[in-house]
Amino acid sequence: MPRFRRPRTIWDALAAIAMAAATPAAAATSETQGWMTESLIIKAGDANMVSLDISERLRRDASNGDQQTLRVLIDHRIATGVQVGGGLAYFHSGPEQEMRLFQQVTLTQGIWMSRTRIEQRFFDTADEASWRLRQRGQASIPLDRAKRWTLVAATELMFHLNRAKPGDKMGLAVMRNQIGLRHPIGKALEAQLLYMRQQTFRDGRPDAVAHIPWLTLSWKI
-14 MPRFRRPRTI
-4 WDALAAIAMA
6 AATPAAAATS
16 ETQGWMTESL
26 IIKAGDANMV
36 SLDISERLRR
46 DASNGDQQTL
56 RVLIDHRIAT
66 GVQVGGGLAY
76 FHSGPEQEMR
86 LFQQVTLTQG
96 IWMSRTRIEQ
106 RFFDTADEAS
116 WRLRQRGQAS
126 IPLDRAKRWT
136 LVAATELMFH
146 LNRAKPGDKM
156 GLAVMRNQIG
166 LRHPIGKALE
176 AQLLYMRQQT
186 FRDGRPDAVA
196 HIPWLTLSWK
206 I
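Under this note's numbering, the first residue of the sequence shown is numbered -14, with each subsequent residue one higher.
Here you go:
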């Protein structure tokens, strides 16, 4: 019998969880969405970064229709490769509105990034806050000597920590896998185009899988 090898890094652990959680495509419903994000990133001193972004998410009616988002984030560097931060976000769609608070820790080393985020989500369709843990691992790999083209690959796992709504699934609820390219297109403007596969795990029903091309434009000042 082959021996199980204990994960040696967070990347091995994330990959193992993602592989164990994935279900066959035949057992899931599938749809295509389109997302676009415009982001403004402001360097506020040597250790602080302020980000403001808005997004438009084109979704079908069965997924609560199109959604618009607004997010503000402040990150503070406390050591080399270590940032702590937090912020708030607002999500608007036809069926419901969401106000979200979040706190996060981001670790970076070379091409690797790990982000741990805790969210408190307040819906107008729920009486109490929904708590969610998000763990993201990402690699950003330069493809040329000038580092103008960068390959981005990431996995993010989202865990529900309570049931704010009767239909909420406890534990692992969403998995996102992303791959794409990042490229500067101006002195302060950068474009990133990703393909994202988002899988939502549901109790008693087939999983919901969304295939999402995602364009992000970032201005840095």
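Note that CB positions come from ideal geometry on N, CA and C, so glycine has one too.
The model shown is predicted, which means the values in this text are computed figures rather than measured ones.
Less than 8 Å between the CB atoms is what I'm expecting for residue i and residue j, so what's the real figure, rounded?
i	j	result
residue 184	residue 13	7 Å
residue 39	residue 204	Not really, about 12 Å apart at Cβ, beyond 8 Å.
residue 126	residue 96	6 Å
residue 51	residue 82	Actually they are not in contact, since the Cβ atoms of residue 51 and residue 82 sit about 13 Å apart, beyond 8 Å.
Please classify residue i as buried or exposed, where buried requires at least 16 other C-beta atoms within 10 Å of its C-beta.
i	result
residue 197	buried
residue 141	buried
residue 79	exposed
residue 178	exposed
residue 171	exposed
residue 70	buried
residue 85	buried
residue 47	exposed
residue 195	buried
residue 11	Summary for residue 11: the model assigns pLDDT 44, below 50, so the residue's position carries little reliability; its value from the coordinates is reported in the next sentence. Residue 11 is exposed by the Cβ-count criterion.
residue 163	buried
residue 188	exposed
residue 216	Residue 216 cannot be examined here, being either before or after the span of the chain that is shown, -14 to 206.
residue 115	buried
residue 129	exposed
residue 161	buried
Comparing C-alpha positions only, which one of the options sits nearest to residue i?
i	options	result
residue 31	50, 65, 22, 148	65
residue 75	68, 62, 190, 55	55
residue 139	147, 98, 117	98
residue 159	150, 118, 177	118
residue 44	17, 73, 100	17
residue 149	189, 129, 112	112
residue 37	50, 110, 59, 21	59
residue 57	68, 94, 67, 34	34
residue 90	83, 82, 162, 122	122
residue 92	108, 83, 63	63
residue 73	82, 88, 67, 61	88
residue 124	100, 106, 22, 105	100
residue 199	176, 193, 191, 49	176
residue 53	191, 20, 61, 68	20
residue 180	193, 67, 28, 201	201
If I follow the unbroken beta strand (DSSP E) through residue i, where does it start and stop?
i	result
residue 89	82 to 94
residue 48	No beta strand (DSSP E) holds residue 48; DSSP gives it neither H nor E.
residue 76	67 to 78
residue 162	156 to 169
residue 131	First-last for residue 131: undefined, no H or E at that position.
residue 110	Counting along the chain, residue 110 falls outside any beta strand (DSSP E), and DSSP gives it neither H nor E.
residue 191	Note, residue 191: premise wrong, no beta strand (DSSP E); not H, not E.
residue 18	No beta strand (DSSP E) holds residue 18; DSSP gives it neither H nor E.
residue 59	52 to 64
residue 148	Run containing residue 148: none; DSSP gives neither H nor E here.
residue 32	Per DSSP, residue 32 belongs to no beta strand (DSSP E) and is neither H nor E.
residue 176	174 to 185
For the ligand MG, is there any heavy atom lying closer than 7 Å to the beta carbon of residue i?
i	result
residue 173	Absent from the structure shown: the ligand MG. Ligands present: none.
Touch test, the region 148 to 160 against the region 127 to 139, Cβ-Cβ under 8 Å, three pairs minimum: No, the region 148 to 160 is not in contact with the region 127 to 139.
Any 3 or more C-beta pairs closer than 8 Å across the region 143 to 150 and the region 166 to 183: Under the three-pair Cβ rule at 8 Å, the region 143 to 150 does not count as touching the region 166 to 183.
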